[in-house]
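Protein chains in written order, with this note's numbering: chain A, 1 to 258; chain B, 1001 to 1343.
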Amino acid sequence: MSKGILKIENITMQFGGVTAIDNLSFEVQKKEIYGLIGPNGAGKTTIFNIITGNYHPTKGEIIFGDETITGTKPNLVVQKGIARTFQNIRLFKSMSVLDNILIGFHNQSHYSYLEAIFRLPRYFGQEKKIKAEAMAILDEFDLTSFADHKATDLSYGNQRKVEIARAVATNPSLLLLDEPAAGMNPSETEDLSTIIHKIKQDFDLTILLIEHDMKFVNNMCDLVTVLDYGEKIFDGKPADAIVNEKVITAYLGDFTHA
Amino acid sequence: MKGTLIKTVLIGISLGLIWYTNSHLDIYNLSIVNNIGIFAILALSYNLINGVAGQFSLEPNGFVAIGAYMTAIFIIPMDTKIDMYALMDPAPVILQMQANFPIALLAGGLTSALMAFLLSVPVFRVRGDYLAIVTLGFGFIIRIFAMNSPAYTNGAMGLNDIPEFADFRWIGSITIFTFMVMIHVIYSKYGRAMKAIRDDEDAAVAMGVNTFKVKTYAFMTSAFFEGIGGGLLASFLSTIAPDQFTFLLTFYLLIIIVLGGLGSMTGTLVSAIVIGFGLEWLRFLDDNMNIFGYETGAHPGMRMVVFSILLIITMLFARRGLFGDRELSDILKSKRASKRKDA
Ligand SMILES: Nc1ncnc2c1ncn2[C@@H]1O[C@H](COP(=O)(O)OP(=O)(O)OP(=O)(O)O)[C@@H](O)[C@H]1O
Ligand SMILES: [Mg+2]
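Here you go:
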């Protein structure tokens, strides 16, 4: 029996005349860290948007667990256990770090609007519960001391961490990270790798990540799929990807710098 | 719990003050504070959809009108109605609508909330800024209906002899109640979701928030209290007519919430008080003034001009309103936090 948690099956995505994804298939196994790489405009973020239900593919299916989720509304996809981060950080900028995390608990706190308005017992009980859980997540990310800070007052690296923490707060089984190390300095990147490994263990996660930094991918990922102009040009171990001719051509020798 | 105790004591003191004010203040000043109370209720509720949830909406005049007419029709005695409806006999249903004041207020609030729900379905289902246009149109339609349905609203003549139940005890305590409800919403998962939608709707959806539901809750809550406020207004003024519910009413409320800070209920309360008293104090500007022997003559409307200029100056210095999007408690909390850091 296969342990495939996410199957991308023959996905094609066209925007007007442009084919952003061309008949793409790959499969992510449980507990894996899977990399999705490729040059700019290859279609990586588009795949994320299809998985999360933001885009409806022209053709093909997305299978999560043993359920076809193609076309499911984005907020329901989250409830099924797929959480994401964005390529350009998108925190709730007027809110505190803690409140950002608490939004992740939106569907895990159970009290009605009227119970909130009249501050009935369930409001207090549930709020206490999710606040404690949110603080535990902040602790996992070494962000406890920033709980009351405005999210956008944090350093770039910490803002990235808050965004990942917020996604983890939705209690996912599959986590999609869109270029988590982008714009980070080497020490921040290393810190991030440690944290990703740690949360993978502690929260029992499967991770699909998009990344440009090949060293990072090499360190992190069990397997990678390489996209170029929406087509899969490689599929296998990251160490093999680096020496693959097609991949090197697609990147125009970018790897020699990595 | 300490917070609950403080809150109970504060509410007790406020209610005591309200009852005292109601029986000791002179009629002129009492009418000012009543006016402020009603506008505070309307502005607080308007700020929920507009400031907290960030959905630019121009709905108040429509919902205030609904609340005002509903309440008025419910509390005007049947015989008075028969005499008052001049253009056409009142419709049978209008005559049958009879209730005591609290039920009448509630009916106004619930009718507004129901209308808000009906508007939500088409508007919040799709993405985009349709809400402003739809609510603007809604306000016009309500007013046109009020003008052209003499059997229901007595047309352009409006309704008068509305029993004056709305004293400061009603208005003051409902102001406090509205404020509490708004604060309770803001500091709940629903309020957080509203702010999240305001900050970044895609990210809110990516956190599993059902944005349609949350926006609809915000809109219906605003409408409910605008309806209640309308009912209080009708009973306080004892006479209403379609012309009172133009876009100008909405615009006036918009000024209050922008000055107080979009998203801040404490700011809205302060702003309603400042603007309410401010407009009274500036009243001398409308009258004839003698400046070094020079008679200025009477300039009705002069105070609005000066008022607008003062407002513009304030906004230049505090671009996000007096309180930004924070409540007084948040500001105190961050002050304490920064003191701790210094120590
Ligand atoms: N909503 C859209 N409408 C039209 N074209 C789109 C849309 N989204 C993506 N595309 C196009 O699809 C292609 C793939 O874009 P995508 O954002 O997936 O690339 P990417 O691999 O994530 O690139 P990068 O590394 O720069 O983030 C691009 O040509 C892009 O212009
Ligand atoms: Mg991208």
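Heads up, the beta-carbon is just placed ideally off N, CA and C, and yes, glycines get one too.
With a threshold of 16 other CB atoms inside 10 Å of the CB of SER1112 (chain B), please say whether the residue is buried or exposed.
buried
Assign ALA20 (chain A) to one of three DSSP states: helix, strand, or coil.
strand
Cβ closer than 8 Å: which chain A residues qualify as neighbours of TYR1130 (chain B)?
Those do not exist, as TYR1130 (chain B) stays about 20 Å from chain A at its closest Cβ, beyond 8 Å.
Assign TYR1190 (chain B) to buried or exposed, taking buried as 16 or more other Cβ atoms, counted over all protein chains shown, within 10 Å of its Cβ.
buried
How about ASP228 (chain A): is its Cβ closer than 7 Å to a heavy atom in ligand 2?
no
I'd like to know whether the C-beta of ARG1192 (chain B) is nearer than 8 Å to at least one C-beta of chain A.
yes
Given the structure, does LYS3 (chain A) come close to ligand 2, in the sense that its CB is under 7 Å from one of the ligand's heavy atoms?
no
Starting from ALA1068 (chain B), find everything on chain A with Cβ-Cβ shorter than 8 Å and list it in chain order.
Near ALA1068 (chain B) there are no residues of chain A at all, since even the closest Cβ is about 24 Å away, more than 8 Å.
Which two residues bound the contiguous beta strand (DSSP E) that contains VAL1258 (chain B)?
Premise fails: VAL1258 (chain B) lies in the alpha helix (DSSP H), 1247-1260, not in any beta strand (DSSP E).
Identify, in the order they occur along the chain, each residue of the same chain with its Cβ nearer than 6 Å to the Cβ of SER1031 (chain B), setting aside the five sequence neighbours on each side.
none
For LEU1044 (chain B), the first and last residue of its enclosing alpha helix (DSSP H)
1027-1047
Is the region 1297-1305 of chain B close to the region 1238-1255 of chain B, with three or more CB pairs under 8 Å?
no
When every heavy atom of ligand 2 is checked, does at least one fall within less than 7 Å of the C-beta of ILE210 (chain A)?
yes
Here's the rule I'm using: 16 or more other beta-carbon atoms within 10 Å means buried, otherwise exposed. How should LEU120 (chain A) be labelled?
exposed
Tell me which same chain residues have a C-beta within less than 7 Å of the C-beta of GLN29 (chain A), skipping the five on either side of it?
LYS3, GLY4, ILE5
What three-state label does DSSP hand ASP1199 (chain B) in the structure shown?
helix
Just mark LEU1232 (chain B) as buried or exposed, buried being the case when its beta carbon has 16 or more other beta carbons within 10 Å.
buried
Report the residues of the region 1201-1216 of chain B with a CB closer than 8 Å to any CB of chain A, ordered along the chain.
ASP1202, ALA1203, ALA1204, VAL1205, ALA1206, MET1207, GLY1208, VAL1209, ASN1210, THR1211
Per-residue contacts from GLY125 (chain A) into chain B (C-beta, under 9 Å):
By Cβ distance, chain B contributes nothing, its closest Cβ being about 13 Å from GLY125 (chain A), past 9 Å.
In the DSSP assignment, the alpha helix (DSSP H) including THR1216 (chain B) goes from what residue to what residue?
1211-1237
Between PHE15 (chain A) and chain B, is there a C-beta pair that is closer than 8 Å?
no
Same chain, Cβ closer than 6 Å to TYR34 (chain A), neighbours up to 5 away in sequence not counted
VAL28, LEU208, LEU223
Taking DSSP as the reference, what is the three-state secondary structure of GLN126 (chain A)?
helix
Alpha carbon of HIS257 (chain A) to alpha carbon of ILE248 (chain A), nearest angstrom:
Because HIS257 (chain A) carries a pLDDT of 47, less than 50, the predicted location of this residue cannot be relied on, and the following value inherits that uncertainty. Taking the straight line joining both Cα atoms gives about 12 Å.
Three-state secondary structure (DSSP) at GLY183 (chain A)?
coil
Fully enclosed by the region 13-95 of chain A, which alpha helix (DSSP H) runs are 4 residues long or longer?
44-51, 74-80
Return yes when at least one heavy atom of ligand 1 lies under 7 Å from the C-beta of ASN1061 (chain B), else no.
no
CA-CA distance, SER1347 (chain B) and VAL1181 (chain B)?
Lying outside 1001 to 1343, the shown extent of chain B, residue 1347 (chain B) is not represented and no answer is given.
What is the C-beta distance between LEU1322 (chain B) and GLY1260 (chain B), in whole angstroms, given that I count them as a contact (C-beta under 8 Å)?
6 Å
Span separating the alpha-carbon of ASN126 (chain A) from that of GLN87 (chain A)
As written in the sequence, residue 126 (chain A) is Gln, which differs from the Asn given in the question. Approximately 32 Å between the Cα atoms of the pair.
Measuring from the CB of GLN201 (chain A), is there a heavy atom of ligand 2 at a distance below 7 Å?
no
Taking 8 Å as the threshold (beta carbon to beta carbon), is SER1057 (chain B) in contact with chain A?
no
Please name the residue or residues paired with ILE207 (chain A) in a DSSP beta bridge.
A:ILE33, A:LEU175
ILE1228 (chain B) and GLY1054 (chain B) closer than 8 Å at C-beta
no
Against chain B, does ARG122 (chain A) count as a neighbour if the rule is that its beta carbon must be under 8 Å from one of theirs?
no
Taking any heavy atom of ligand 1 as the mark, which residues have a C-beta closer than 5 Å to it, listed down the chain?
A:PHE15, A:ALA20, A:ASN40, A:GLY41, A:ALA42, A:GLY43, A:LYS44, A:THR45, A:THR46
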